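Visitor:
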Amino acid sequence: MSFVDFRNVSKRFGDNVVLDDMSFSIADGERVTLIGPSGSGKTTILRMLMTLTKPDSGTISIDDEYLWHEKRGEELVEASEAHTRSVRSKVTMVFQQFNLFPNMKVLRNITEAPIHVLGKQKDEAEEKARELLETVGLLDKADFYPSQLSGGQQQRVAIARALAVEPEILLLDEVTSALDPEIAAEVLDVLRDVAKTSDVTMLLVTHAMRFARDVSNRVLMFNEGKIIEDAAPEQMFNEPQQERTKTFLRSVL
Ligand code: ADP
Numbered sequence: 015m016s017f018v019d020f021r022n023v024s025k026r027f028g029d030n031v032v033l034d035d036m037s038f039s040i041a042d043g044e045r046v047t048l049i050g051p052s053g054s055g056k057t058t059i060l061r062m063l064m065t066l067t068k069p070d071s072g073t074i075s076i077d078d079e080y081l082w083h084e085k086r087g088e089e090l091v092e093a094s095e096a097h098t099r100s101v102r103s104k105v106t107m108v109f110q111q112f113n114l115f116p117n118m119k120v121l122r123n124i125t126e127a128p129i130h131v132l133g134k135q136k137d138e139a140e141e142k143a144r145e146l147l148e149t150v151g152l153l154d155k156a157d158f159y160p161s162q163l164s165g166g167q168q169q170r171v172a173i174a175r176a177l178a179v180e181p182e183i184l185l186l187d188e189v190t191s192a193l194d195p196e197i198a199a200e201v202l203d204v205l206r207d208v209a210k211t212s213d214v215t216m217l218l219v220t221h222a223m224r225f226a227r228d229v230s231n232r233v234l235m236f237n238e239g240k241i242i243e244d245a246a247p248e249q250m251f252n253e254p255q256q257e258r259t260k261t262f263l264r265s266v267l
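Numbering (this note's numbering), first residue to last: 15 to 267.
So, in structure tokens, the structure goes:
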């Protein structure tokens with residue numbers, strides 16, 4: 015059964031057709047990497063799941079609930095904000111630029127949403143936050159401010175923060191591209207662990223193909239607003255079928 019479903023989704027900015035009647039679905043627990051040239055619509059897909067970008071047409075659903083629409087009988091009607099917010103609450107995203115709250119210590123960065131959005135008790139939220147900090151190897155930094163941490167450490171805190179709300183879907187947008195390769199490696203290690211130990215559904219956009227190969231179990235190749243190839247990583251990276259995929263992979267590998 016599909017867990018995330020895009021049906022005939024189109025989006026344009028002015029004359030620029032970013033998604034062209036796109037349909038695909040993702041099963042619960044799948045870890046899917048979106049690859050393709052810059053501007054092919056990958057980030058737009060993640061932003062739509064975060065409700066930061068609205069499609070021009072088509073439907074998107076998560077766990078059989080429509081994100082922008084509600085089903086009334088057979089009819090789809092524009093959803094209330096409350097409905098959209100509730101469906102969207104299953105999703106969190108980690109950004110290229112970490113986006114931690116600079117005025118809050120590490121622990122509070124992680125407990126903020128569990129306490130103020132999910133209504134968890136402070137003690138419980140802090141205990142969970144410490145567990146997550148241990149998972150990402152930063153328990154000793156709980157009382158530091160983000161500015162006192164390296165980029166790689168900040169990104170690991172951002173991952174802990176994203177997991178603290180116990181999301182059903184974790185979106186990762188170029189999470190290592192602002193980091194030096196060596197530092198990026200420590201972030202990738204953390205994400206490999208997450209992939210191994212949790213059953214969260216993951217959608218990631220990355221140019222780090224080794225990482226895509228290690229972490230995901232499916233790869234979608236985007237080109238000019240369409241998905242032109244959909245395959246397991248071994249197949250996509252070793253035996254791509256489309257000429258466009260071959261030239262793209264040659265340029266990034
Ligand atoms: P990718 O992640 O594959 O690089 P994006 O989804 O970020 O691609 O962007 C697809 C296209 O949409 C790009 O050409 C980008 O410039 C354009 N785009 C994205 N957001 C906006 C916006 N808010 N206004 C205008 N154009 C946008």
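Each residue gets a CB set at the ideal place from its N, CA and C atoms; glycine is no exception. It should be emphasised that the depicted structure is a prediction, and the values quoted were computed from it without experimental measurement.
At a cut-off of 7 Å, is Gly55 close to the ligand ADP when judged by its beta-carbon and the heavy atoms of the ligand?
Guide: In the sequence shown, residue 55 corresponds to position 41, counting from 1. Yes, since a heavy atom of the ligand ADP falls inside the 7 Å radius drawn around the Cβ of Gly55.
Visitor: To the nearest whole angstrom, what separates the beta carbons of Pro202 and Phe225, a pair I think is in contact under 8 Å?
Guide: Counting from one through the sequence shown, the residue named residue 202 turns up at place 188. Counting from one through the sequence shown, the residue named residue 225 turns up at place 211. Strictly speaking, residue 202 in this sequence is Leu, with Pro absent from that position. That belief holds up - the Cβ atoms of Leu202 and Phe225 are roughly 5 Å apart, short of 8 Å.
Visitor: Check whether the Cβ of Phe20 lies closer than 7 Å to any heavy atom of the ligand ADP, and answer yes or no.
Guide: One-based indexing of the sequence shown puts residue 20 at position 6. The answer is no for Phe20.
Visitor: Out of curiosity, what's the CA-to-CA distance linking Gly28 and Ser71?
Guide: Taking the first residue of the sequence shown as position 1, residue 28 is located at position 14. Taking the first residue of the sequence shown as position 1, residue 71 is located at position 57. Rounded to the nearest angstrom, the two C-alpha atoms are 15 Å apart.
Visitor: Mind checking who Lys104 pairs with in its DSSP beta bridge?
Guide: Sequence index remark: in the sequence shown, residue 104 carries index 90 (1-based). None, per the DSSP bridge assignment.
Visitor: Which one of Arg175, Leu177, Arg170 and Asp207 has the shortest CA to CA distance from Ala198?
Guide: The residue you call residue 198 lines up with position 184 of the sequence shown. Residue Arg170 is the option with its Cα nearest to Ala198.
Visitor: Find out if the Cβ-Cβ distance for the pair Arg45, Ser230 is shorter than 8 Å.
Guide: Residue 45 sits at position 31 when you count from the first residue of the sequence shown. Residue 230 sits at position 216 when you count from the first residue of the sequence shown. A contact, by the Cβ cut-off of 8 Å.
Visitor: Give a single yes or no on whether Asn30 has its beta carbon closer than 7 Å to a heavy atom of the ligand ADP.
Guide: Taking the sequence shown and counting its residues from 1, one reaches residue 30 at position 16. Yes, Cβ of Asn30 sits closer than 7 Å to a heavy atom of the ligand ADP.
Visitor: Taking 7 Å as the cut-off, is the CB of Ser52 close to at least one heavy atom of the ligand ADP?
Guide: The residue you call residue 52 lines up with position 38 of the sequence shown. Answer for Ser52: yes, Cβ within range of the ligand ADP.
Visitor: If distances are taken between C-alpha atoms only, which option among Thr211, Arg232, Lys210 and Ser212 comes closest to Leu218?
Guide: The count along the sequence shown starts at 1 and reaches residue 218 at position 204. Answer by Cα proximity: Arg232.
Visitor: In terms of residue numbering, what span does the alpha helix (DSSP H) encompassing Thr57 cover?
Guide: Taking the sequence shown and counting its residues from 1, the one referred to as residue 57 is at position 43. That run of the alpha helix (DSSP H) goes Lys56 to Leu63.
Visitor: Using a 10 Å radius around the Cβ and a threshold of 16 neighbouring Cβ atoms, would you call Lys210 buried or exposed?
Guide: For the purposes of this step, residue 210 is taken as the residue at position 196 of the sequence shown. It is exposed - the Cβ of Lys210 has fewer than 16 other Cβ atoms within 10 Å.
Visitor: Once you ignore the five residues that flank Thr21 on each side, which residues in its own chain have a CB closer than 6 Å to its CB?
Guide: Within the sequence shown, the letter at position 7 stands for residue 21. It is Arg, not Thr, that sits at residue 21 in the sequence shown. Closer than 6 Å at Cβ, skipping near neighbours: Ser37, Gly72 and Thr73.
Visitor: So, helix, strand or coil for Val18, using DSSP?
Guide: What you label residue 18 is simply residue 4 of the sequence shown in a count that begins at 1. Strand.
Visitor: Spell out the partners DSSP gives Arg26 in its beta bridges.
Guide: Counting from one through the sequence shown, the residue named residue 26 turns up at place 12. According to DSSP, Arg26 bridges with Val31.
Visitor: Which one or two residues does DSSP pair with Val233 in a beta bridge?
Guide: Along the sequence shown, one-based indexing puts residue 233 at 219. In DSSP, Val233 forms a bridge with Thr47 and Ala245.
Visitor: Taking the continuous beta strand (DSSP E) assigned at Val91, which residues delimit it?
Guide: For this step, residue 91 is matched to residue 77 along the sequence shown. It spans Glu89 to Glu92 - the beta strand (DSSP E) in which Val91 sits, taken as one unbroken run.
Visitor: Going by the C-beta, is Thr190 closer than 7 Å to any heavy atom of the ligand ADP?
Guide: As a working note, residue 190 is residue 176 in the sequence shown. Because no heavy atom of the ligand ADP lies under 7 Å away, the Cβ of Thr190 does not count as near it: no.
Visitor: According to DSSP, is Phe112 part of a helix, a strand, or is it coil?
Guide: In the sequence shown, residue 112 corresponds to position 98, counting from 1. Note: Phe112 maps to coil in three-state DSSP.
Visitor: Hey, is Phe27 close to the ligand ADP, as in C-beta under 7 Å from one of its heavy atoms?
Guide: As a working note, residue 27 is residue 13 in the sequence shown. Yes.
Visitor: Could you check which residue in Leu81, Ala176 and Ala156 has the C-alpha nearest to that of Ala93?
Guide: Here residue 93 is taken as the residue at index 79 of the sequence shown, counted from 1. The shortest C-alpha to C-alpha distance from Ala93 to any of Leu81, Ala176 and Ala156 is the one to Leu81.
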